[in-house]
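A.B. asks: Sending over a structure as structure tokens; questions will come in a sec.
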Amino acid sequence: MKTFSDRWRQLDWDDIHLRINGKTAADVERALNASQLTRDDMMALLSPAASGYLEPLAQRAQRLTRQRFGNVVSFYVPLYLSNLCANDCTYCGFSMSNRIKRKTLDEADIARESAAIREMGFEHLLLVTGEHQAKVGMDYFRRHLPALREQFSSLQMEVQPLAEAEYAELKQLGLDGVMVYQETYHEATYAHHHLKGKKQDFFWRLETPDRLGRAGIDKIGLGALIGLSDSWRVDCYMVVEHLLWLQQHYWQSRYSVSFPRLRPCT
1 MKTFSDRWRQ LDWDDIHLRI NGKTAADVER ALNASQLTRD DMMALLSPAA SGYLEPLAQR
61 AQRLTRQRFG NVVSFYVPLY LSNLCANDCT YCGFSMSNRI KRKTLDEADI ARESAAIREM
121 GFEHLLLVTG EHQAKVGMDY FRRHLPALRE QFSSLQMEVQ PLAEAEYAEL KQLGLDGVMV
181 YQETYHEATY AHHHLKGKKQ DFFWRLETPD RLGRAGIDKI GLGALIGLSD SWRVDCYMVV
241 EHLLWLQQHY WQSRYSVSFP RLRPCT
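Here the UniProt record's numbering is used: the first residue of the sequence shown is 1, the next is one more, and so on.
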């Protein structure tokens, strides 16, 4: 069974880096005027040469957004269920080595928080946890998803990567979507920042959207943590490749792309 890992192995990080940095202003202008963007166009729009075209880029993005969605903005609210985590990552406050107070919401906590969110008029909920399969895993999700499903129009999750059968079960319990960010598509950089736990498995995470697609999850969210690798441009291009793969192989699902980024601590 093929997954995006097969496509990833065909992509050369250094070659992509050179191709992006070799793009010219003429390449950027050609991409901006194209009716349908190619992979080469995306490289141009991610290139240093595109930095002088931010306003035309923003205007085109706005036109496309309004063509697709109209003058409508949908909001979702994150509900943090637990900050327990069995991973150790250099950049994350939830890391198991951090000496912080840990809490996992119980049924009463969830009822109170969800009621407050509903009172504010929000209909779309994103359930967020650290990654602790033993204490905040399928048993926990089975207990709490049905009640939340009754209260909200849509439920999405940002939790640890799960197996295909587990995603299929969660879909039956009312799950609509899953956000899973690869952090970086550069394998050596990934290993440098993920020190302990299941998250060390680069390919288990990389193939998560494939498992979501096979399980029939309606909405799949992708992204890279911009700033984690030495080339955010290549990481963003890798997200493009990942999205194109998924759209080709799991066309029944819908997709979103997020742009989380690292900023200096203050």
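For each residue, glycine too, the CB sits at the ideal point set by N, CA and C. Since the structure is predicted, the reported quantities are computational estimates derived from the model, not experimental observations.
For the candidate residues 84, 104 and 140, whose alpha-carbon lies nearest to that of residue 98?
C.D. replies: Position 98 of the sequence shown, counted from the first residue, corresponds to residue 98. When only C-alpha atoms are compared, the closest one is 84.
A.B. asks: Answer yes if the segment 216–225 comes into contact with the segment 102–109, meaning at least three C-beta pairs across the two stretches below 8 Å, and no otherwise.
C.D. replies: no
A.B. asks: Here's the rule I'm using: 16 or more other beta-carbon atoms within 10 Å means buried, otherwise exposed. How should residue 259 be labelled?
C.D. replies: Your numbering for residue 259 matches position 259 in the sequence shown. Within 10 angstroms of the beta-carbon of residue 259 lie fewer than 16 other beta-carbons, which makes it exposed.
A.B. asks: If you pair each beta-carbon of the segment 232–239 with each one of the segment 15–22, do three or more pairs fall below 8 Å?
C.D. replies: yes
A.B. asks: Should residue 131 be labelled buried (16 or more other beta-carbon atoms within 10 Å of its own) or exposed?
C.D. replies: Your numbering for residue 131 matches position 131 in the sequence shown. For residue 131, the number of other beta carbons within 10 angstroms of its own is at least 16, and it is reported as buried.
A.B. asks: For residue 150, tell me which candidate among 162, 164 and 124 has the shortest Cα-Cα distance.
C.D. replies: For this step, residue 150 is matched to residue 150 along the sequence shown. The residue with the shortest Cα to Cα distance from residue 150 is 124.
A.B. asks: Applying the criterion that 16 or more other CB atoms from any shown protein chain within 10 Å of the CB defines a buried residue, is residue 55 buried or exposed?
C.D. replies: As a first step, residue 55 must be located in the sequence shown, where it is residue number 55. Exposed: under 16 other Cβ atoms inside 10 Å.
A.B. asks: Assuming the contact rule is C-beta atoms closer than 8 Å, residue 279 and residue 77 should be a hit. Round their C-beta distance to whole Å, please.
C.D. replies: Nothing about residue 279 can be reported from this structure: the residues present for the chain run from 1 to 266 only.
A.B. asks: In this structure, what does DSSP give as the bridge partners for residue 220?
C.D. replies: Counted from its first residue, the sequence shown places residue 220 at position 220. According to DSSP, residue 220 bridges with 178 and 255.
A.B. asks: Evaluate contact between the segment 170–181 and the segment 62–78, counting only Cβ atoms and requiring at least three cross-stretch pairs below 8 Å.
C.D. replies: no
A.B. asks: Give the C-beta separation of residue 53 and residue 262 to the nearest angstrom, bearing in mind that I take them to be a contact with Cβ-Cβ under 8 Å.
C.D. replies: By 1-based counting over the sequence shown, the position of residue 53 is 53. By 1-based counting over the sequence shown, the position of residue 262 is 262. Contact flag wrong, Cβ pair sits at about 25 Å.
A.B. asks: Classify residue 267 as helix, strand or coil using the three-state DSSP reduction.
C.D. replies: Within the shown structure, residues of the chain are numbered from 1 to 266, placing residue 267 beyond reach of any answer.
A.B. asks: Is DSSP giving residue 124 helix, strand or coil here?
C.D. replies: Your numbering for residue 124 matches position 124 in the sequence shown. Reduced to three states, the DSSP call for residue 124 is strand.
A.B. asks: Does the structure place the segment 148–167 close enough to the segment 175–184 that three or more beta carbon pairs sit under 8 Å?
C.D. replies: yes
A.B. asks: Among 189, 214 and 185, which has the Cα closest to the Cα of residue 205?
C.D. replies: For the purposes of this step, residue 205 is identified with residue 205 of the sequence shown, where counting begins at 1. Among 189, 214 and 185, the Cα nearest to that of residue 205 is on 185.
A.B. asks: Quick one: any contact between the segment 35–43 and the segment 237–244, if contact means 3 or more CB pairs under 8 Å?
C.D. replies: yes
A.B. asks: Fully enclosed by the segment 31–59, which alpha helix (DSSP H) runs are 4 residues long or longer?
C.D. replies: 39–45
A.B. asks: Assuming the contact rule is C-beta atoms closer than 8 Å, residue 114 and residue 148 should be a hit. Round their C-beta distance to whole Å, please.
C.D. replies: On the sequence shown, position 114 is the one that residue 114 refers to. On the sequence shown, position 148 is the one that residue 148 refers to. Between residue 148 and residue 114 the Cβ distance is about 6 Å, and since that is below 8 Å, they are a contact.
A.B. asks: Beta carbon of residue 211, beta carbon of residue 167: below 8 Å?
C.D. replies: Taking the first residue of the sequence shown as position 1, residue 211 is located at position 211. Taking the first residue of the sequence shown as position 1, residue 167 is located at position 167. Contact flag set, yes.
A.B. asks: List the whole-angstrom C-beta distance separating residue 207 from residue 3, where the pair is believed to meet the contact cut-off of C-beta under 8 Å.
C.D. replies: Working through the sequence shown from its first residue, we reach residue 207 at position 207. Working through the sequence shown from its first residue, we reach residue 3 at position 3. Sure, about 5 Å apart at Cβ, within 8 Å.
A.B. asks: Would residue 244 and residue 193 be called neighbours here (beta carbons separated by less than 8 Å)?
C.D. replies: As a position in the sequence shown, residue 244 is number 244, starting the count at 1. As a position in the sequence shown, residue 193 is number 193, starting the count at 1. In this structure, residue 193 does not lie closer than 8 Å to residue 244 by Cβ.
A.B. asks: Tell me whether residue 203 is buried or exposed, calling it buried when 16 or more other Cβ atoms sit within 10 Å of its Cβ.
C.D. replies: The residue labelled residue 203 in the question sits at position 203 within the sequence shown. The residue in question, residue 203, is exposed, as its Cβ has fewer than 16 Cβ neighbours within 10 Å.
A.B. asks: What are the residues that DSSP puts in a beta bridge with residue 79?
C.D. replies: Along the sequence shown, one-based indexing puts residue 79 at 79. DSSP, once it has assigned bridges, lists 127 as partnering residue 79.
A.B. asks: Does DSSP put residue 266 in a helix, in a strand, or in coil?
C.D. replies: The count along the sequence shown starts at 1 and reaches residue 266 at position 266. Its pLDDT being 42, under 50, residue 266 is placed unreliably in this model, and the coordinates cannot settle the point.
A.B. asks: Could you spell out where the alpha helix (DSSP H) holding residue 96 opens and where it closes?
C.D. replies: In the sequence shown, residue 96 corresponds to position 96, counting from 1. Here residue 96 belongs to no alpha helix (DSSP H), and DSSP marks it neither H nor E.
A.B. asks: Below 8 Å between beta carbons: does that hold for residue 188 and residue 133?
C.D. replies: Against the sequence shown, residue 188 aligns to sequence position 188. Against the sequence shown, residue 133 aligns to sequence position 133. No; because the gap between Cβ atoms is not below 8 Å, this pair is not in contact.
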